[in-house]
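Remarks on the structure that follows.
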Amino acid sequence: MICTLYSHQIGFDKIVEVLRSSYPKGTITSASQDGSQIASIETKDGFFSSGSKLTVQYRERKEPSYQLPETDDSPLTGNLRGLYGYVDSLDSNNEKVKSLFLHKIQTLNSEFSITQQKGQTKNLKELLQKLAKDFEAVLFVQPKTIISQSNEQHFLDENLNLILDINGNCEIEGLDVKINSIYYDKELVEITESQKEWKTNSEKILRGKHIKINNYLPYIEPEEGVVLRTPKEVAVRVCVLAMTNLVAFDTISNQEAIEYLQHYNLWDFVTPNEKDFLANPTEQKKSNESWKCEFIWTLMFALNKIEDLGFPDKLCSLNDIPAEEYPVAPDRDPNDFINSVFETKSKSEILGLNDLYYRLDWACVDARLNGEEMTAIHPGVVYERHYALNWLINYGEADWDDVTCDT
1 MICTLYSHQI GFDKIVEVLR SSYPKGTITS ASQDGSQIAS IETKDGFFSS
51 GSKLTVQYRE RKEPSYQLPE TDDSPLTGNL RGLYGYVDSL DSNNEKVKSL
101 FLHKIQTLNS EFSITQQKGQ TKNLKELLQK LAKDFEAVLF VQPKTIISQS
151 NEQHFLDENL NLILDINGNC EIEGLDVKIN SIYYDKELVE ITESQKEWKT
201 NSEKILRGKH IKINNYLPYI EPEEGVVLRT PKEVAVRVCV LAMTNLVAFD
251 TISNQEAIEY LQHYNLWDFV TPNEKDFLAN PTEQKKSNES WKCEFIWTLM
301 FALNKIEDLG FPDKLCSLND IPAEEYPVAP DRDPNDFINS VFETKSKSEI
351 LGLNDLYYRL DWACVDARLN GEEMTAIHPG VVYERHYALN WLINYGEADW
401 DDVTCDT
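For the sequence shown, counting from 1, position 403 maps to 403 in the UniProt record's numbering; every step adds exactly one.
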């Protein structure tokens, strides 16, 4: 393999057209294999020449975007996460360019590898230059090729200049990061002062705890674009979570929980995943469900039943919630709790927390990708609270079972 090109753009047909225009007398064949598209071009230099054969193997993300969402499980997205971690682990003599490169990796949507199968294709360097330019690509290049700029494996920009090699060498001063507007989930709007303040406050907290900051993480939604869950919705959700939590810790049986929820007319608010758990609460499912203490804790905080959410460096303790404030009990109608709730924390306060946990969650994901231990915060606690906060702000308009924590 000579090199692999990565691009924000997609288009196997575009690659074929470049091959056809570069080698009008060549013979092009295409095929599909294991989720990739393959184009091969064979050329002959003369009557007595055995000719040459060049192959391009292409694949793209299942859902082209400008970030790497956790919900995208396509092979290329997994590879890009690994690429991000690899680049992040490298030293660099230009941290600004490295930071831009990491940001660019998150926007990549396609990958195509160039391999010389036979002979030596003429004007190959010119072809690689054209593909790099046309796709505004970054290239992962092996040493000792016609475009190599290092004696080690390295990355080049669209002008075939050195972005970074494994020794930390960089020979450029900047790197363009462009995003096609069609990949945005929403129209670009002016950033509000509140959004800037949330980001600034969050980064100040991260800096104080010596937690890595990604300066290129976008702002979260402005207040005007968010509709919070109603106090009653939150209260009902807490009651259901509290019952499944009791089953998870073997405080009550699954059948007792089902009967309780049905008796008090809450069964219709139990999600499909929760019904699956209550139908067959295996030990593994109980272990998974026990983490939802953090959901309860976060939502109770949103309902003003807890004064301090606390920093996510340790697990919460539901025993710290006064018994009279807890939403469920054997001899208590949970609807009394639901009907006693009239307000939640302000939208601004919840969004400020959401911004913080968004950035904390990114730091946890980054540490995991780099094989590093996160000690300043508890990744599990961060994820569960981020999940609950995303549900509170109607992130992606997702139902409870379908909430995502994109970073």
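Just so it is clear, CB atoms sit at the ideal spot from N, CA and C, and this is done for glycine as well.
On a predicted model such as this, the values are computed, not experimentally measured, just so you know.
Same chain, Cβ closer than 6 Å to residue i, neighbours up to 5 away in sequence not counted
| i | result |
| --- | --- |
| residue 203 | 213 |
| residue 216 | 103 |
| residue 115 | 1 and 55 |
| residue 326 | none |
| residue 286 | 248 |
| residue 128 | 147 |
Nonlocal neighbours in the same chain, by C-beta distance under 7 Å from residue i, ignoring five residues either side
| i | result |
| --- | --- |
| residue 133 | 158 |
| residue 187 | Residue placement at residue 187 is poorly supported in this model, since its pLDDT is 45, which falls under 50; the coordinates are not used for a value here. |
| residue 405 | 70, 361, 383, 386, 387 and 390 |
| residue 318 | 293, 296 and 297 |
| residue 180 | 8 |
| residue 201 | 352 |
Of the listed residues the options, nearest to residue i (C-alpha basis)
| i | options | result |
| --- | --- | --- |
| residue 44 | 25, 56, 37 and 30 | 25 |
| residue 304 | 346, 101, 289 and 252 | 346 |
| residue 391 | 373, 357 and 369 | 357 |
| residue 36 | 110, 87 and 88 | 110 |
| residue 196 | 352, 363 and 177 | 352 |
| residue 175 | 182, 400, 151 and 139 | 139 |
| residue 366 | 84, 168, 230 and 41 | 84 |
| residue 313 | 319, 374 and 260 | 374 |
| residue 271 | 288, 260 and 244 | 244 |
| residue 23 | 42, 118 and 177 | 42 |
| residue 311 | 321, 324 and 294 | 294 |
| residue 329 | 50, 275, 240 and 317 | 240 |
| residue 253 | 278, 324, 153 and 231 | 278 |
| residue 206 | 403, 377, 33 and 398 | 377 |
| residue 400 | 99, 68, 234 and 80 | 234 |
| residue 190 | 177, 172 and 220 | 220 |
| residue 96 | 105, 173 and 289 | 173 |
| residue 350 | 230, 124 and 151 | 230 |
| residue 112 | 276, 274 and 40 | 40 |
| residue 227 | 65, 200, 348 and 321 | 348 |
| residue 260 | 250, 299 and 333 | 333 |
| residue 155 | 146, 125 and 87 | 87 |
| residue 232 | 266, 290 and 341 | 341 |
| residue 320 | 301, 10, 275 and 171 | 301 |
| residue 364 | 99, 407 and 194 | 407 |
| residue 178 | 105, 38 and 152 | 105 |
| residue 343 | 331, 299 and 371 | 299 |
| residue 397 | 262, 225 and 288 | 225 |
| residue 3 | 152, 403, 275 and 324 | 152 |
| residue 403 | 77, 273 and 34 | 273 |
| residue 218 | 68, 29 and 371 | 68 |
Helix, strand or coil at residue i [DSSP, three-state]
| i | result |
| --- | --- |
| residue 244 | helix |
| residue 311 | coil |
| residue 378 | coil |
| residue 8 | coil |
| residue 137 | coil |
| residue 27 | strand |
| residue 412 | Nothing can be reported for residue 412, as the shown portion of the chain is limited to 1 through 407. |
Assumed close pair residue i, residue j - CB separation to whole angstroms, cut-off 8 Å
| i | j | result |
| --- | --- | --- |
| residue 381 | residue 309 | Wrong, their Cβ atoms sit about 11 Å apart, outside the cutoff. |
| residue 335 | residue 264 | 6 Å |
| residue 107 | residue 8 | 5 Å |
| residue 281 | residue 247 | 5 Å |
| residue 168 | residue 91 | 4 Å |
| residue 58 | residue 101 | With a Cβ gap of about 22 Å, residue 58 and residue 101 do not count as contacting. |
| residue 52 | residue 121 | 4 Å |
| residue 5 | residue 137 | 4 Å |
| residue 306 | residue 354 | That belief does not hold up - the Cβ atoms of residue 306 and residue 354 are roughly 17 Å apart, past 8 Å. |
| residue 146 | residue 125 | 5 Å |
| residue 76 | residue 63 | The pair is not a contact, with the Cβ atoms about 11 Å apart (cut-off 8 Å). |
Cutoff 8 Å; reference residue i; Cβ partners in own chain excluding five residues on either side
| i | result |
| --- | --- |
| residue 185 | In this predicted model, residue 185 has a pLDDT of only 49, less than 50, meaning its place in the structure is not dependable; the value taken from the coordinates is given anyway. Nothing meets the Cβ criterion. |
| residue 369 | 81, 82, 84, 85 and 88 |
| residue 236 | 266, 269 and 338 |
| residue 14 | 134 and 135 |
| residue 257 | 243, 244, 246, 247 and 278 |
Tell me the start and end of each unbroken alpha helix (DSSP H) in the region 223-294 that is at least 4 residues and wholly inside, in chain order. The qualifying runs are 231-248, 254-263, 272-279 and 283-290.
Just list the beta strand (DSSP E) runs in the region 29-62, keeping only unbroken ones of 3 residues or longer that don't cross its boundaries, in chain order. The region 29-62 contains these whole beta strand (DSSP E) runs: 36-43 and 52-60.
Where are the alpha helix (DSSP H) runs, 4 residues long or more, that stay fully inside the region 162-211, in chain order? Along the length of the region 162-211, whole alpha helix (DSSP H) runs at least 4 residues long occupy 193-208, reported in chain order.
Fully enclosed by the region 76-119, which beta strand (DSSP E) runs are 3 residues long or longer? For the region 76-119, whole beta strand (DSSP E) runs of length 3 or above, ordered along the chain, are 110-118.
Runs of 3 residues minimum, wholly inside the region 320-374: which ones carry the beta strand (DSSP E) assignment? Contiguous beta strand (DSSP E) elements confined to the region 320-374 do not occur, taking only those with 3 or more residues.
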